[in-house]
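**Student:**
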Amino acid sequence: MKILIIRLSSLGDVVLVSTVIDALKEKFPNADISLLVYSKYSSLYYKDPRLADVISLPPYPSAFFGLPRELRKMRFDTILDLHFNIKTLLVRMLVPAGRKLSYRKGHWRRAVMVQAARLRAPSRKRLLLIPCTLVAQFLSRMARPYHTVQLFLEPLRRLGVKATVRPPKLFVRPEAVAEVDEFLNEHGVSAQHVLVGIAPGARWPSKRWTASGFAEVSDQLLKNPDIRLILLGDRTDLNFTRQILIRMRGKPLVATGRFDLKGLVAAIRRCRLLLTNDSGPMHIATAVGVPVVAIFGPTHPKLGFSPLGPRDVVLHAGLPCSPCSLHGEKSCIAKHRQCMEQITPQTALEAIQRVLGDSDKPSVS
Numbered sequence: 180m181k182i183l184i185i186r187l188s189s190l191g192d193v194v195l196v197s198t199v200i201d202a203l204k205e206k207f208p209n210a211d212i213s214l215l216v217y218s219k220y221s222s223l224y225y226k227d228p229r230l231a232d233v234i235s236l237p238p239y240p241s242a243f244f245g246l247p248r249e250l251r252k253m254r255f256d257t258i259l260d261l262h263f264n265i266k267t268l269l270v271r272m273l274v275p276a277g278r279k280l281s282y283r284k285g286h287w288r289r290a291v292m293v294q295a296a297r298l299r300a301p302s303r304k305r306l307l308l309i310p311c312t313l314v315a316q317f318l319s320r321m322a323r324p325y326h327t328v329q330l331f332l333e334p335l336r337r338l339g340v341k342a343t344v345r346p347p348k349l350f351v352r353p354e355a356v357a358e359v360d361e362f363l364n365e366h367g368v369s370a371q372h373v374l375v376g377i378a379p380g381a382r383w384p385s386k387r388w389t390a391s392g393f394a395e396v397s398d399q400l401l402k403n404p405d406i407r408l409i410l411l412g413d414r415t416d417l418n419f420t421r422q423i424l425i426r427m428r429g430k431p432l433v434a435t436g437r438f439d440l441k442g443l444v445a446a447i448r449r450c451r452l453l454l455t456n457d458s459g460p461m462h463i464a465t466a467v468g469v470p471v472v473a474i475f476g477p478t479h480p481k482l483g484f485s486p487l488g489p490r491d492v493v494l495h496a497g498l499p500c501s502p503c504s505l506h507g508e509k510s511c512i513a514k515h516r517q518c519m520e521q522i523t524p525q526t527a528l529e530a531i532q533r534v535l536g537d538s539d540k541p542s543v544s
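Quick note: the sequence shown uses this note's numbering, first residue 180, plus one each step.
#1: So, using beta-carbon positions, are residue 276 and residue 257 closer together than 9 Å?
#2: Just to confirm the assignment, what range does the alpha helix (DSSP H) spanning residue 198 have?
#3: If I measure Cβ to Cβ from residue 518 and keep anything under 7 Å in the same chain, skipping five residues before and after, which residues do I get?
#4: Give me, in chain order, the residues of the same chain whose beta-carbon lies closer than 7 Å to that of residue 508; leave out the 5 immediate sequence neighbours on both sides.
#5: Give me the Cα-Cα distance between residue 267 and residue 420, rounded to the nearest whole angstrom.
#6: Select from 346, 523, 483, 269 the residue whose C-alpha is nearest the C-alpha of residue 201.
#7: Going by the beta-carbon positions, is the gap between residue 350 and residue 199 smaller than 9 Å?
#8: In the DSSP assignment, what residue or residues form a beta bridge with residue 243?
#9: Just tell me which of 472, 278, 328, 229 has its CA closest to the CA of residue 526.
#10: Buried or exposed, going by whether 16 or more other CB atoms sit within 10 Å of the CB of residue 259?
#11: Does the separation of the CB atoms of residue 466 and residue 444 fall below 9 Å?
#12: Between residue 341 and residue 261, what straight-line distance do the alpha-carbon atoms span, to the nearest angstrom?
#13: Does residue 348 come out as helix, strand or coil in the three-state DSSP assignment?
#14: Based on Cα-Cα distance, which residue from 468, 367, 211 lies nearest to residue 450?
#15: Please say whether residue 483 and residue 329 have beta carbons closer to each other than 9 Å?
#16: Helix, strand or coil for residue 373? Go by DSSP, reduced to three states.
#17: Under three-state DSSP, which class holds residue 216?
#18: Using three-state DSSP, classify residue 491 as helix, strand or coil.
#19: Could you give the residue range of the alpha helix (DSSP H) that holds residue 364?
#20: Would residue 185 pass as a contact of residue 215 if the rule is Cβ separation under 9 Å?
#21: DSSP three-state label for residue 416, please.
#22: How far does the alpha helix (DSSP H) with residue 425 in it extend, from its first residue to its last?
#23: What is the residue span of the alpha helix (DSSP H) that residue 327 lies within?
#24: Restricting to Cα atoms, I'd like to know which of 220, 253, 233, 326 is closest to residue 283.
#25: Using 8 Å for Cβ pairs, my map puts residue 453 next to residue 392. What's the rounded Cβ distance?
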């Protein structure tokens with residue numbers, strides 16, 4: 180049995196696809212499963228023992244033209260589209276397969292949750308506040324939230340696969356582990372230290388917690404001589420990382436932009452805990468068994484993107500105007516960003532204390 184899974188982007192969603200791979204492998208252990216993904220994410224599944232092939236699609240449009248022809252040569256029995264956009268629709272139309280399945284994004288439920296929250300925003304004029312609130316309450320009752328993993332798994336029922344929501348799983352490459360260990364050794368981090376990771380970036384600026392909050396938490400953590408702190412992210416996070424560093428008194432390890440994606444996975448795996456926003460690194464941490472303290476502001480855990488680890492902690496202010504957008508791409512409708520400002524460094528530190536306190540290593544002093 181040959182199965183093609185399609186999920187082109189984004190980072191967190193590509194990580195969550197691993198739950199589908201695991202479910203299929205449990206039901207069909209001898210199946211050859213291939214994954215079609217954008218090239219910038221393909222290293223997540225490099226030499227993954229669960230997959231027969233990772234088909235890497237470059238981002239430029241011309242790369243797509245020859246793709247259906249190459250896929251037809253592979254003679255898939257089943258195509259599972261977990262992206263569902265124009266490109267993937269064309270793949271399903273042009274590549275023959277005995278079964279072609281796709282998932283329902285649940286956009287209308289998420290859109291209803293977002294619209295209900297926007298109606299509750301305090302920026303509404305007083306005369307409109309009561310009717311907007313009543314409409315918001317009605318819309319909130321209509322929206323039954325589903326986790327993205329649950330939506331991914333739903334079409335598998337047509338293959339006889341009855342799987343439940345589970346944490347994602349990624350394999351860490353030995354060469355990436357060696358690179359990270361060399362970096363840590365050069366900076367005096369040993370196995371006896373408690374390494375805490377901070378991934379302060381996010382695709383949209385509105386999803387980033389405050390630079391002062393990250394700086395204060397970092398300085399408080401560094402007061403413990405057993406703790407070492409590492410700042411993580413890609414090159415797009417460099418400017419925000421600098422904003423954090425200029426507010427700090429202590430000196431963390433700065434690995435922002437230092438590692439490729441395989442290296443980022445290995446670096447997160449080396450951490451005892453990751454403090455992060457609602458972002459791709461949050462899901463990477465869960466996929467390598469590292470607990471997270473995740474900060475949600477303009478987005479909401481109920482939109483289906485919450486972390487799935489057993490020790491994960493989500494910090495969310497619970498304001499009535501959240502979620503104000505599906506992915507955090509819109510600016511604050513109330514013009515105050517209180518959904519982030521109300522999450523204090525002390526709240527984050529207490530959450531970190533609880534998670535680290537569950538381990539056999541010392542917690543925050």
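Yeah, the Cβ is synthetic: ideal placement off N, Cα and C, and Gly gets one too.
**Tutor:** Well, looking at it:
#1: Taking 9 Å as the Cβ cut-off, residue 276 and residue 257 qualify as a contacting pair.
#2: 197-206 is the extent of the alpha helix (DSSP H) around residue 198.
#3: Within the same chain, residue 518 has close Cβ partners 476, 477, 496, 498, 501.
#4: Scanning its chain for C-beta atoms nearer than 7 Å, with the 5 sequence neighbours on each side dropped, one finds around residue 508 the residues 383, in chain order.
#5: Straight-line Cα distance between these residues: approximately 36 Å.
#6: Proximity to residue 201 across 346, 523, 483, 269 peaks at 346, based on C-alpha coordinates.
#7: Between residue 350 and residue 199, the C-beta gap is not smaller than 9 Å, which leaves the two residues out of contact.
#8: As far as DSSP is concerned, residue 243 takes part in no beta bridge.
#9: For residue 526, the nearest C-alpha among the options comes from 472.
#10: With 16 or more Cβ atoms within 10 Å of its Cβ, residue 259 is classed as buried.
#11: The answer is yes: Cβ separation under 9 Å.
#12: Cα-Cα distance, rounded: 17 Å.
#13: In this structure, residue 348 counts as coil in the three-state DSSP scheme.
#14: The alpha carbon of residue 450 has as its nearest neighbour, out of 468, 367, 211, the alpha carbon of 468.
#15: Cβ distance < 9 Å, so residue 329 and residue 483 count as in contact.
#16: In the structure shown, residue 373 falls within a strand segment according to DSSP collapsed to helix, strand and coil.
#17: Correct three-state label for residue 216: strand.
#18: Reduced to three states, the DSSP call for residue 491 is coil.
#19: Where residue 364 is concerned, the enclosing alpha helix (DSSP H) stretches over 353-365.
#20: A contact, by the Cβ cut-off of 9 Å.
#21: Residue state, collapsed to three classes: helix.
#22: Careful: residue 425 lies outside any alpha helix (DSSP H) and carries neither H nor E.
#23: Note, residue 327: alpha helix (DSSP H), 327-332.
#24: With distances taken between Cα atoms, residue 283 lies closest to 326.
#25: Actually they do not touch by this definition, with Cβ atoms about 15 Å apart.
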